[in-house]
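Going by the working numbering, the sequence shown runs without a break in its numbering and finishes at 398.
Here's the structure, in structure tokens; my notes come after.
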Amino acid sequence: MGDFPLEQSRDGTLRSAFDQVMAIDGHVVRPEAAQTYPRFVLLNDRLYRVSRDAQTEETHTQLLVLQGRRETLFQAAHYNPMAGHMGYEKTLEQITARFYWPGIRADVRRWCASCPDCQLVNQPAIPKAPLRPLPLIEVPFERIGMDLIGPFHRSARGYRFVLVLVDYATRYPEAVPLRTISAKSVAQALFQVISRVGIPKEILTDQGTSFMSRTLRELYELLGIKSIRTSVYHPQTDGLVERLNNTLKSMIRKFINEDERNWDHWLDPLLFAVREVPQASTGFSPFELLFGRRPRGVLDLIKESWEDGPSPAKNEIQYVLDLRAKLHTLGRLSRENLLQAQQRQQRLYDRGARLRQFSPGDKVLVLLPTSSSKLLAKWQGPFVVTRRVRD
């Protein structure tokens, strides 16, 4: 890796940061800057930027990166399967959680915009009545959303579908490849996830035949799970799963290249990428909300290789106490952020939306399928409204 401290000191783009160093190995050299954030410090001859999180008030150090190593670092944060070709905001968050350099935002934006795989796969947003957010859930895996994506090209191991699940409290995703979407296959895959995370109280799905089978109904009854179903023609009710579906499909397309028979090999590293990145709605990554710590990922390995080594270990009791306190704080902040995000999303979504009010006795047309294909649906009726389910 070369002499990192020496290369840092000789990098002209970091000269201004060196001139603003506040402390060297904990000894303050500029008292007037001791309580300001962000600030620059020298630790073990390496230059760091120290910033403070406005919500948690925790400080974290960002290693300053030399000009010649920045694009390589970006490639590890974007092109790597465990990074998942995320967009600008999430790629930037992943890098700035560990590293910094002057002009980092402009560089990451430019490199993301010029990524050939993203240019080929990414689709423009498609336009859309008013949004009705689901009630917030505080307990991890108390409510999960579940859906199926596929069929994909049959993989070398025989998989064609993916059962996708996501926790509403933490946004933590799970995905299980399937050879068929029979009720038995779906039930076995669901139980596989339940064995790791516990039995949910509610599962939200669409009205696909795989989710309405007798097998699943019996499993739900046995485990005390309430089934919630979205409308056939408005599956966006389960927007959380829908977004995860789109993310996974997009990420898989970016990595399979010409060999579609290996798509299932990418699932685990791509799930890691989704779990590692902070969500705009909660302000934290799904992994951190579930486990109370950030995962050690590819960028951490790079940072450690430019540093002396891992931080000193804590004793078990202190670790448990710190973890419990952190999980409590993260849960509270996540709920606050999620509520704000729901309100913000509803305002944005409802712009130009028109609320249609129907009362018992009104006559309406209903969009219904003319065959088994939803593509052949057409308006039918008129039908009489008998009762209002909810406002």
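C-beta: ideal position from N, C-alpha, C; glycine also.
Quick check: the region 283-293 against the region 73-80, are there 3 or more CB pairs under 8 Å?
-> The region 283-293, when compared against the region 73-80, does not touch it at the 8 Å Cβ threshold.
Classification of residue 261 by the beta-carbon crowding that lies within 10 angstroms, buried from 16 upward = buried
Contiguous alpha helix (DSSP H) assignments of at least 4 residues, all confined to the region 197-246 | 221-230
Is DSSP giving residue 163 helix, strand or coil here?
-> coil
Go to residue 56, then tell me how far its alpha helix (DSSP H) extends in each direction, as first and last residue.
-> Run containing residue 56: none in the alpha helix (DSSP H); it sits in the beta strand (DSSP E), 53-59.
Contained alpha helix (DSSP H) runs [length at least 4] in the region 61-99, N- to C-terminal order = 77-85
Simplified DSSP assignment, three categories, for residue 136 = Low local confidence applies: a pLDDT of 49 at residue 136 is under 50, so the model's placement there is unreliable, and no value is given.
Between the CA atoms of residue 218 and residue 153 - distance to the nearest angstrom = 9 Å
According to DSSP, is residue 145 helix, strand or coil?
-> coil
Return the first residue and the last residue of the alpha helix (DSSP H) that residue 12 is part of.
-> 11-17
Which residue comes first and which comes last in the beta strand (DSSP E) that contains residue 172?
-> The continuous beta strand (DSSP E) containing residue 172 extends over residues 168-174.
Minimum C-alpha distance to residue 55 - residue among 26, 64, 38 and 63 = 26
For residue 198, count neighbouring Cβ atoms within 10 angstroms of its own Cβ and tell me buried if that reaches 16, exposed if not.
-> Answer is exposed; the Cβ neighbour count stays below 16.
Where residue 177 and residue 258 are concerned, what is the direct C-alpha to C-alpha distance, given to the nearest angstrom?
-> 21 Å
From this set, 145, 183 and 37, which residue's C-alpha is nearest residue 155's C-alpha?
-> Nearest in C-alpha terms to residue 155, of all of 145, 183 and 37, is 183.
Which of helix, strand or coil does DSSP assign to residue 450?
-> Any property of residue 450 remains undetermined from this structure, which presents the chain solely from 8 to 398.
Inspect the beta-carbon positions of residue 304 and residue 101 and report whether they are closer than 9 Å.
-> yes
From 196, 113 and 189, residue whose alpha carbon lies closest to that of residue 2 | The displayed coordinates of the chain run from 8 to 398. Any statement about residue 2 would go beyond what the structure contains.
Among 174, 367 and 263, the one whose alpha carbon lies nearest that of residue 248 = 174
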